[in-house]
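Reviewing the structure listed below.
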Amino acid sequence: MRWIIDRAGWYFSLGRSRRITSAIDLAEEEKSLKYVFHDPTLEANPRSLISVLGTMPDNLVEILDTAVQACRDQAEFPIAVLSELRLDLIAARSVPLEFIPTRRHLPSVPAEIYGRYIRQRWSLIMAKWDVSNEIALSSSIDEFLADQIGADVVQQLTCEQSRHAKDGQREY
2 MRWIIDRAGW
12 YFSLGRSRRI
22 TSAIDLAEEE
32 KSLKYVFHDP
42 TLEANPRSLI
52 SVLGTMPDNL
62 VEILDTAVQA
72 CRDQAEFPIA
82 VLSELRLDLI
92 AARSVPLEFI
102 PTRRHLPSVP
112 AEIYGRYIRQ
122 RWSLIMAKWD
132 VSNEIALSSS
142 IDEFLADQIG
152 ADVVQQLTCE
162 QSRHAKDGQR
172 EY
């Protein structure tokens with residue numbers, strides 16, 4: 002957002018940059034979103050992935066809140082993964098949210114490429130958060146992919162992924 006404002010300011014000032022940066026502005030930028038833990042106790046907690054892939058239940062907010070509280074009661078750090086962009090969940094949750102797009106979000110992407118992308122995205126999420134426990138509130142990632150692109154394509158991708166792992170290549 003600041004980039005847009007800076008560009009508009011540059012345009013209207015005919016190229017003369019007039020932005021004055023104060024210590025307060027820099028301090029505010031330091032407090033912006035960061036995906037690092039500052040609390041060593043929190044960092045030491047195991048991380049639980051709460052996934053809601055595919056069909057979203059009507060009472061998802063209550064279910065998600067219950068799962069998050071259960072994780073916290075077990076001294077785990079919860080992370081939620083959704084396959085639908087629900088602004089009510091994004092705005093109101095106190096846990097990090099990740100997004101896995103459905104075919105509806107990417108209709109022009111071929112099934113195989115979509116499957117590879119989702120597998121790679123899932124692997125990155127698991128590695129990023131160093132997940133030790135998964136709570137699937139709907140479909141597992143394999144069931145979700147089978148529903149999105151068909152079981153035969155998922156099987157083909159699984160075989161391909163196994164070959165890559167056997168050959169020492171990067172898995173996705």
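In our numbering, each residue carries its 1-based index in the sequence shown increased by 1. Note that CB positions come from ideal geometry on N, CA and C, so glycine has one too. These numbers come from a predicted model, not from an experiment.
Alpha carbon of residue i to alpha carbon of residue j, nearest angstrom
{"i": "Pro-102", "j": "Val-69", "result": "22 Å"}
{"i": "Arg-117", "j": "Glu-99", "result": "17 Å"}
{"i": "Ile-119", "j": "Leu-146", "result": "8 Å"}
{"i": "Val-110", "j": "Gln-121", "result": "15 Å"}
{"i": "Ala-24", "j": "Asp-40", "result": "Low per-residue confidence applies at Ala-24: pLDDT is 49, beneath 50, and the placement is therefore not dependable, though the value from the model is reported in the following sentence. Rounded to the nearest angstrom, the two C-alpha atoms are 25 Å apart."}
{"i": "Gly-16", "j": "Glu-113", "result": "Low per-residue confidence applies at Gly-16: pLDDT is 46, beneath 50, and the placement is therefore not dependable, though the value from the model is reported in the following sentence. Near 47 Å, if we compare the C-alpha coordinates of Glu-113 and Gly-16."}
Residue j beta carbon less than 7 Å from that of residue i
{"i": "Ile-51", "j": "Ala-71", "result": "no"}
{"i": "Val-96", "j": "Pro-79", "result": "yes"}
{"i": "Val-53", "j": "Leu-138", "result": "yes"}
{"i": "Arg-73", "j": "Asp-131", "result": "no"}
Status (buried if at least 16 other CB within 10 Å, exposed otherwise) for residue i
{"i": "His-55", "result": "For the record, residue 55 in the displayed sequence is Gly; it is not His. With 16 or more Cβ atoms within 10 Å of its Cβ, Gly-55 is classed as buried."}
{"i": "Leu-34", "result": "Its pLDDT being 46, under 50, Leu-34 is placed unreliably in this model, and the value from its coordinates should be taken loosely. It is exposed - the Cβ of Leu-34 has fewer than 16 other Cβ atoms within 10 Å."}
Continuous alpha helix (DSSP H) stretch holding residue i: start and end
{"i": "Leu-146", "result": "142 to 150"}
{"i": "Leu-88", "result": "88 to 93"}
{"i": "Leu-65", "result": "61 to 74"}
{"i": "Ile-119", "result": "112 to 130"}
{"i": "Leu-43", "result": "41 to 45"}
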